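Start counting the first sequence at 0; every next residue gets the next number (numbering that gives the first Met the number 0).
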Amino acid sequence: MTALAEKLASSAHFLVPPLIVWFRSNRRELPWRIQPSPYRIWVSELMLQQTQVVTVIPYFDRFIARFPNIASLAAADLEDVLKLWEGLGYYSRARRLHEAARQLTEARRELPHTYADLLRLPGVGPYTAAAIASIAFGEPVAVVDGNVARLFSRVWAITTSIDTPVMRRDLRDRLQLLLDGVAPAEFNEAVMELGALVCRPRNPDCDNCPLRDQCIARRDGLTHDLPRRRKRADVPLRRLVAAVVHSEGEVLIAKRAPDAMLGGLWHFPDATSTSNAALETILPGLFYERLGVSVTAGRSYRCIRHAYSHFKIDLTGVDCTLSTTRAVVKCDLAGADSIRWVTVAQCERLPFDRASLRLIDQIKQRHHQNSS
DNA sequence: AATTCGGGGCT
DNA sequence: AGCCCAGAATT
0 MTALAEKLAS
10 SAHFLVPPLI
20 VWFRSNRREL
30 PWRIQPSPYR
40 IWVSELMLQQ
50 TQVVTVIPYF
60 DRFIARFPNI
70 ASLAAADLED
80 VLKLWEGLGY
90 YSRARRLHEA
100 ARQLTEARRE
110 LPHTYADLLR
120 LPGVGPYTAA
130 AIASIAFGEP
140 VAVVDGNVAR
150 LFSRVWAITT
160 SIDTPVMRRD
170 LRDRLQLLLD
180 GVAPAEFNEA
190 VMELGALVCR
200 PRNPDCDNCP
210 LRDQCIARRD
220 GLTHDLPRRR
230 KRADVPLRRL
240 VAAVVHSEGE
250 VLIAKRAPDA
260 MLGGLWHFPD
270 ATSTSNAALE
280 TILPGLFYER
290 LGVSVTAGRS
300 YRCIRHAYSH
310 FKIDLTGVDC
320 TLSTTRAVVK
330 CDLAGADSIR
340 WVTVAQCERL
350 PFDRASLRLI
360 DQIKQRHHQN
370 SS
């Protein structure tokens with residue numbers, strides 16, 4: 000046994016029991032913890048990637064009501080799956096979940112039971128495979144999500160950046176030793192829950208932490224300096240102009256290609272604006288390139304600012320009318336899968352990204368004003 | 001190892 | 001308004 004392993008094995012004795020005791024009386028009754036099944040745990044873990052519990056709950060309930068098992072999910076249209084995911088973000092998760100369900104159904108297999116096999120599924124990486132394997136099937140594999148990394152970077156006062164593969168592996172190896180001799184599901188849920196509820200990013204509730212006497216960061220006054228992470232590059236701003244093309248009481252929408260950003264979601268045909276001229280002035284030029292038709296620009300909508308992780312957008316919608324018949328508009332928009340003419344009301348049945356949803360709200364408001 | 005993917009919460 | 005947070009896949 001290495002020196003580190005020995006040290007951890009002995010510290011496990013002091014760490015694990017208070018952790019488990021704490022968890023048993025602070026465990027939240029979450030939808031996926033009531034009547035747990037491998038499928039429900041799988042869906043919840045996909046939704047919980049990058050996303051907090053309170054955000055996920057309503058999405059999870061609606062998703063499970065509509066797709067109660069793998070077969071029903073596999074049989075669904077991707078568009079309907081995306082509609083239920085609308086607003087939750089990281090839509091590739093929904094695409095991969097759907098794809099995995101289809102693969103399993105095609106092969107007439109159930110969800111795999113082991114970490115190694117789960118890891119092969121689209122959308123399942125090291126964290127998710129460990130979470131499903133341990134929680135649904137009791138396999139003793141340690142989970143390291145953001146909560147766990149933060150918690151133990153403090154408990155052990157580790158100053159390596161937590162957002163590196165090396166650090167994640169190191170933590171997983173250390174926790175794997177703690178896992179010896181305890182129920183894997185309970186231990187993993189306990190560390191994630193403690194990180195989420197007590198060892199919070201800001202305002203950690205150290206006074207009520209079951210590990211307060213073992214926590215080195217607390218002892219050394221480092222809690223607020225940990226965890227460390229790499230500096231993030233600051234994000235550029237893109238100015239987008241979106242054409243709300245009206246024709247015969249309908250508007251033109253386009254579906255993004257499946258592998259594009261926000262793939263499979265609908266939006267209003269848009270273009271990046273590089274000049275400082277008024278959008279109404281430059282829009283016809285932009286859209287002649289994108290749509291191959293001339294449009295006349297009318298009133299603009301209020302600018303919508305939206306933040307993604309690696310850039311921000313200022314999205315401005317502009318009412319447009321066609322200078323020719325609508326039949327001329329073809330689907331060779333760069334990056335678009337297909338186009339449709341729909342009433343604003345019909346938009347509610349199709350999946351849109353969040354910025355487009357806000358534009359739809361503005362269009363509805365203007366409609367309402369015009370008719371009253 | 002670094003970059004590409006959304007969106008929400010907190011201050 | 002700005003800062004912080006968080007997994008998988010790709011390159």
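We put the beta carbon where it would ideally sit given N, CA and C, even for glycine.
Model, not experiment: these values are computed from the prediction.
Assigned secondary structure, residue i (DSSP; H/G/I helix, E/B strand, else coil)
i: T163; result: coil
i: S337; result: strand
i: R108; result: coil
i: H309; result: coil
i: G86; result: coil
i: L314; result: strand
i: V234; result: coil
i: R199; result: coil
i: S403; result: The question about residue 403 has no answer here: the residues shown for the chain are numbered 0 through 371.
i: T158; result: coil
i: V153; result: Checking the sequence shown, residue 153 turns out to be Arg, not Val. R153: helix per DSSP, three-state reduction.
i: R301; result: coil
i: F66; result: coil
i: C214; result: coil
i: T320; result: strand
i: M0; result: Its pLDDT being 49, under 50, M0 is placed unreliably in this model, and the coordinates cannot settle the point.
Expected contact under 8 Å - CB spacing of residue i and residue j to nearest Å
i: G262; j: R94; result: 7 Å
i: H305; j: A354; result: 4 Å
i: A253; j: H266; result: 6 Å
i: V317; j: S272; result: Going by Cβ atoms, the distance from V317 to S272 rounds to 11 Å, so no, they are not a contact pair.
i: R217; j: C205; result: 5 Å
i: E142; j: N202; result: The identity of residue 142 in the sequence shown is Val, whereas the question assumes Glu. About 24 Å separates the two Cβ atoms, so there is no contact after all.
i: I215; j: V154; result: 7 Å
i: G194; j: V165; result: The Cβ separation is near 20 Å, so there is no contact.
i: L18; j: P139; result: Not confirmed; about 16 Å, so no contact.
i: L170; j: F151; result: 6 Å
i: L358; j: Y307; result: At roughly 16 Å, the Cβ-Cβ gap does not stay under 8 Å, so L358 and Y307 are not in contact.
i: L83; j: T50; result: Their Cβ separation, rounded to whole angstroms, is 14 Å, which puts L83 and T50 out of contact at 8 Å.
Pick from the options that is closest to residue i, judged by C-alpha positions
i: L45; options: Y58, Q34 and I19; result: Y58
i: V181; options: L14, K363 and H366; result: L14
i: P30; options: W21, P16, A64 and I19; result: A64
i: D162; options: A306, R228, P16 and V343; result: R228
i: A184; options: V55, L356 and I40; result: I40
i: H112; options: E279, A135 and H366; result: A135
i: G145; options: N207, R238 and P125; result: P125
i: S55; options: Y89, A129 and S299; result: It is worth fixing the name first, because residue 55 is Val in this sequence and not Ser. Among Y89, A129 and S299, the Cα nearest to that of V55 is on Y89.
i: E105; options: L72, S10 and A276; result: L72
i: R149; options: L221, G137 and Y38; result: L221
i: R237; options: H309, G248 and Q345; result: H309
i: V343; options: L356, D269, D224 and A232; result: L356
i: W21; options: E347, D269, S293 and L196; result: L196
i: L349; options: P67, R32, V80 and Q48; result: V80
i: R255; options: P268, G248 and S293; result: P268
i: V42; options: R26, D60, N25 and R211; result: D60
i: G291; options: R26, E279, K329 and S274; result: K329
i: H366; options: R211, R298 and D336; result: R298
i: E347; options: L225, K363 and A335; result: K363
i: L264; options: R32, S133 and L77; result: L77
i: G284; options: D224, L314, C319 and D313; result: C319
i: W340; options: Y38, Q361 and E247; result: E247
Near the ligand MN: residue i beta-carbon under 7 Å from a heavy atom
i: G180; result: As far as ligands go, the structure on display features none, and thus does not contain the ligand MN.
Residue i burial status per 10 Å Cβ neighbour count (16 or more: buried)
i: D257; result: Checking the sequence, you will find Pro at residue 257 rather than Asp. It counts as exposed.
i: M191; result: buried
i: I338; result: buried
i: L302; result: The question names Leu, yet the displayed sequence has Cys at residue 302. Classification of C302: exposed, given that the 10 Å Cβ count is below 16.
i: T127; result: buried
i: A277; result: exposed
i: V53; result: exposed
i: L120; result: buried
i: M0; result: Legend: pLDDT at M0 = 49, less than 50; position of this residue unreliable, no value from coordinates given.
i: R173; result: buried
i: D179; result: exposed
Mind pulling the alpha helix (DSSP H) runs of 4 or more residues that sit fully within the stretch 237-297? Those alpha helix (DSSP H) runs which fall completely within the stretch 237-297 and span 4+ residues are 278-290.
Unbroken alpha helix (DSSP H) runs of length 4 or more, entirely within the stretch 118-147: which are they? When DSSP assignments are scanned along the stretch 118-147, the uninterrupted stretches of alpha helix (DSSP H) that are 4 or more residues long and fall wholly within it turn out to be 125-136.
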